[in-house]
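Below is one structure, written out as structure tokens, with a few remarks after it.
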Amino acid sequence: MKTPFPFSAIVGQTAMKQAMILTAIDPGIGGVLVFGDRGTGKSTAVRALAALLPPIKAVESCPVNAERVEDCPDWAELGSKKIISRPTPVIDLPLGATEDRVVGALDIERALTRGEKAFEPGLLARANRGYLYIDEVNLLEDHIVDLLLDVAQSGENVVEREGLSIRHAARFVLVGSGNPEEGELRPQLLDRFGLSVEVRSPQDIAERVEVIRRRDAFETSFDSFMAHYSNEDSRIRAQILKARRALPKVTTPEDILHDCAALCIALGSDGLRGELTLLRAARALAAYQGKKALTRAHLREIAPSALSHRLRRDPLDEAGSGARVARTLAEVLG
Amino acid sequence: MSVLADSWQRAALALRLLALDPEGLRGAVIRMRSGPDRAAVTGALPLKTQRVHPNISDEQLYGGLDLSATLKSGHIIDNKGLFSKSGMVTLAMAERCGADLAAKLALQLDADPDFGLIALDEGAEPDEATPPALSERLAFCIEPIGRMPPDWPSVPAGTTSIAPRAVTVNSSDIEALTVLAARLGIDSLRAPQLALATARAHAALNNRLHLTEDDLEAAAALVYPHRATTVPEQQDSTQDTPPPDQPDDPGTDGQDQDLTLPDGDMMIEAIKALLPADLLAGLVPVGTTRAAGGGGAGKARKGNRRGRPLPSRPGRLHGQTRIDLVATLRAAAPWQPMRRAAAAQTALAIRPSDIRVKRYQDQSDRLLIFTVDASGSAAMSRLNEAKGAVELLLGQAYAARDHVALIAFRGTAAELLLPPTRSLVQTKRRLATLPGGGGTPLAAGLQQSALLASQSIARGMTPTVILLTDGRANVALDGTPDRAQAGNDAERLARMMRAQGTGALVIDMGARPTASLKALAGLLGAPYLALPRADAQRLTGAVSAALGAA
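Sequences listed follow chains A and B, in order.
In terms of this note's numbering, the first sequence is residues -7 to 326.
In terms of this note's numbering, the second sequence is residues 3 to 552.
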């Protein structure tokens, strides 16, 4: 496998990069949805994120990457119980993956050859404590989507089939990307993603040229290029770790809570998930910027990605929901 | 440039470059019908490739347990997947490759620099093509026109000692290729990236260590034409207008400078000649799928993962199937004494031929959305006949267990009179009491139907919108009586519905056929029927035919 393109070398696309960093600080924000045309760097960013994230400590042979031996599921046959450091898992969920492959199933191989009833963990087990990346999420089959939503929300994967009764932790950040021209996502699924960003190719020639130049440098003069950007990447990594520690200490003034609610009411977003995500994302942002308290500036910065996908869609509003959020922000926050 | 003007020569050049730098160029789409010509083209590529087909299973791609061999030998035998070996892969019948496989191959193209793809595309129609997720990632699209010249490829494959990566590139070269891509309306940044790699390979092929104008020209001519979405305007005559694909941005005055490169226009001219002739005609956005209008009772899909169970079948286990354990054991049971005797083993002996896989049939319900114009003008003409026609259709819908919904539009807005239901009586009652009068908010009616259609798709139904109107839209979406705006709104919604993949049928109930309504039907991609020429009975016949055939 080749080294992924460094995260910090991605030109522009600040909203997408910011959203990914915020979920790395607080996985509880609940996933990122990246919508945009082909060739805008969606998958590049996800692969880069995998290399950027700080490593996790996990039991070596544990199929669900548990941190301690006690946390390993009882069905797992542990080999080595050594605690090792491994990269944060970023698991691809390919389109057309079967339910068996996603949730895990009876290990047919062992059932048939050795007559044993064993569980073969699926992608959800491997994604525990990491990221689950679905490219072209809008083309995913509905029953897989339902299943993912259910697990993402409960943080636990329950398998009751073929005589198996298995449960294991499955806490992961869902990252979906797709091209809206090829199909819409159901509003129920949209709502479950914490943040959503729209990416498009840079419209500025200088920026486009810079993208090509860096890509070219990455391919032709790999070593010097990596040397330059890996420093930058480790700086971001350190900042993420620092922000994780600072996050519990970020204070939320009462009037900001009020602002959150006022914003969501003005936008008419359904349910309370909007407010909660907005608040969490804003706190993560404040922590990332090294601020002690949440301010309106944080809300203003994060509101478009936290709320734009929660609005009732107006099919003829070509300006997109982003513009509506911006308008409402100006009205509510002044 | 003379070499580039001929499509066969271009193909030869593309193949040679690909052989030189498969890692940088990733592969090509070869859009030709199967035959000796195509065999010559694929044969001209001196790379070893493995052939795959669109229905390849996950096990063959990723590797996994070889169940047949495992059962036979009694110990676990893995087979190696295609992805575990690097190198070129030839995908046959690439136009039939589904989104699933395309996504997996695209993933592999991104992850493994040594993986390359030759997509053999036999598409006959423009919309039968290699999935864009793949063609986007491959440098070339080889589509020679006419018969192969007898001496093709006339130039022998040259050898070069220069590695494409060693070719030095100026900033201005990168700029030229990027600007050119932008002017051709190519939004994806993979295109200039691939063009740059092509230019490098071309320079290496000609034993040069730096790029020249020739290399850039060749790169642009090979990589850009099939991706272009706009025909660039002449830059010298319209110095101050931004290229058509660039949004009017007041802050980019400085860019006009960038966009007029010294030789940019010459290159543009050269490429213009290579642009596909149907570029402007191709208004249908690529990648949008037209749903089949549905025949009988929604789309029946024979799958093997969900739906109503069908009897299980002998089959092979791969990533897409699930084993039916009970049926497998049942199939194996009668043979046990014989097998035990033969193999002298006491355990259960299961052979590959015993394996039964589960099958399901998933059938989505069809939903007929009647969108009825109840405006004053429609009431004047044929509202009653239309009601009669709908009633007859309802009878058929009942027989086919279709769901129906009723939307009426009049005055300034559309109203959902009846949400999707199977109740015939209720629909009839609502229809009979449908009042007429007021303006014709056609756009509002379409919007309401589009909304309902998308909701029903989410619930697993296959919606078909049946629009009954006299087509004189005179109320815009916001309720203002503006004829021109009303027409525009209706057209926009029609395009949106088509993109959404909703099947439709337009019935003109005006006193005489309206041209604008026929045009609207065209935008919807829907059959158009004029009521004046048909009584209710014949209309019903025509509608059923249209629904059945679509």
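By construction, the Cβ of each residue, glycine as well, lies at the ideal position given by its N, Cα and C atoms.
From a predicted model like this one, the values you see are computed outputs, not experimental measurements.
Put simply, of B/Ala532, B/Ala104, B/Val406 and B/Arg202 the residue whose alpha carbon is nearest the alpha carbon of leucine 433 of chain B is B/Val406. Cβ-Cβ distances below 7 Å link alanine 108 of chain B to Ala135, Leu136 and Arg139 in the same chain, with the five nearest sequence neighbours on each side left out; the list follows chain order. Taking the Cα positions, isoleucine 228 of chain A is about 15 Å away from alanine 238 of chain A. Nearest in C-alpha terms to aspartate 153 of chain B, of all of B/Ala446, B/Pro483 and B/Ala14, is B/Ala14.
A Cβ-Cβ separation of about 5 Å places arginine 500 of chain B in contact with glycine 527 of chain B under the 8 Å criterion. Among the CB atoms of chain B, none fall inside 7 Å of the CB of serine 169 of chain A. Neighbourhood of threonine 6 of chain A in chain B, by CB distance below 8 Å: empty, with the nearest CB roughly 16 Å away. Neighbourhood of serine 190 of chain B in chain A, by CB distance below 9 Å: Asp29, Arg30, Gly31, Thr32 and Ser193, in chain order. Excluding its 5 nearest sequence neighbours in each direction, lysine 106 of chain B has C-beta neighbours in its own chain below 7 Å: Leu63, listed in chain order. For leucine 93 of chain B, the enclosing beta strand (DSSP E) covers residues 89 to 93. Secondary structure remark: continuous alpha helix (DSSP H) runs of at least 4 residues inside the segment 401 to 477 of chain B, in chain order: 426 to 434 and 444 to 460.
At the C-beta level, valine 95 of chain A and tyrosine 125 of chain A stay beyond 7 Å of one another. By alpha-carbon distance to tyrosine 123 of chain A, the top candidate from A/Arg39, A/Ser77, A/Tyr221 and A/Ile158 is A/Arg39. Chain-ordered, the chain B residues with CB closer than 8 Å to the CB of aspartate 127 of chain A read Ala105, Ala108 and Leu109. Under the three-state reduction of DSSP output, alanine 96 of chain B falls in the helix class. Taken in chain order, the whole beta strand (DSSP E) runs of length 3 or more contained in the segment 8 to 42 of chain A are 24 to 28. In the pairwise beta carbon analysis, the segment 27 to 36 of chain A is classified as not touching the segment 247 to 255 of chain A: fewer than three pairs are separated by under 8 Å.
If you compare the alpha carbons of A/Val61, A/Pro(-4), A/Thr6 and A/Gly4 with that of threonine 36 of chain A, the shortest gap goes to A/Pro(-4).
Asparagine 172 of chain B sits exposed, since fewer than 16 C-beta atoms from the chains shown fall within 10 Å of its C-beta. Residue state for alanine 235 of chain A is assigned as helix, using DSSP reduced to three classes. Not one beta carbon of chain A lies nearer than 7 Å to the beta carbon of leucine 525 of chain B. Under DSSP, serine 157 of chain A shares a beta bridge with A/Glu152. By the neighbour-count definition (other C-beta atoms within 10 Å, threshold 16), arginine 200 of chain A is a buried residue. Runs of beta strand (DSSP E) with 3 or more residues, each lying fully within the segment 6 to 72 of chain B, are found at 29 to 33, 51 to 54 and 65 to 67, listed in chain order. DSSP places phenylalanine 185 of chain A in the coil class of the three-state scheme, outside both helix and strand. Proline 227 of chain B sits in a helix when the DSSP states are folded into three classes. Neighbours of valine 181 of chain B in chain A, taken as residues whose beta carbon is under 7 Å from its own, are Ile197 in chain order. DSSP links arginine 497 of chain B through a beta bridge to no other residue.
Out of A/Leu115, A/Pro86 and A/Ile294, the CA that lies nearest to the CA of alanine 97 of chain A is found in A/Leu115.
In the assembly as shown, serine 86 of chain B is an exposed residue. Its beta-carbon has fewer than 16 other beta-carbons within 10 Å. Looking at B/Asn476, B/Arg342, B/Arg361 and B/Ala222, the one whose alpha-carbon comes closest to that of threonine 323 of chain B is B/Arg361. Assignment of proline 46 of chain A by DSSP, reduced to helix, strand and coil, places it in the coil class. By the CB criterion at 7 Å, isoleucine 371 of chain B and valine 467 of chain B fall inside the cutoff. Looking from the CA of glycine 88 of chain A, the closest CA among A/Ala58, A/Ser53, A/Glu133 and A/Cys54 belongs to A/Glu133.
By the C-beta density criterion, isoleucine 257 of chain A is exposed, having fewer than 16 other C-beta atoms within 10 angstroms.
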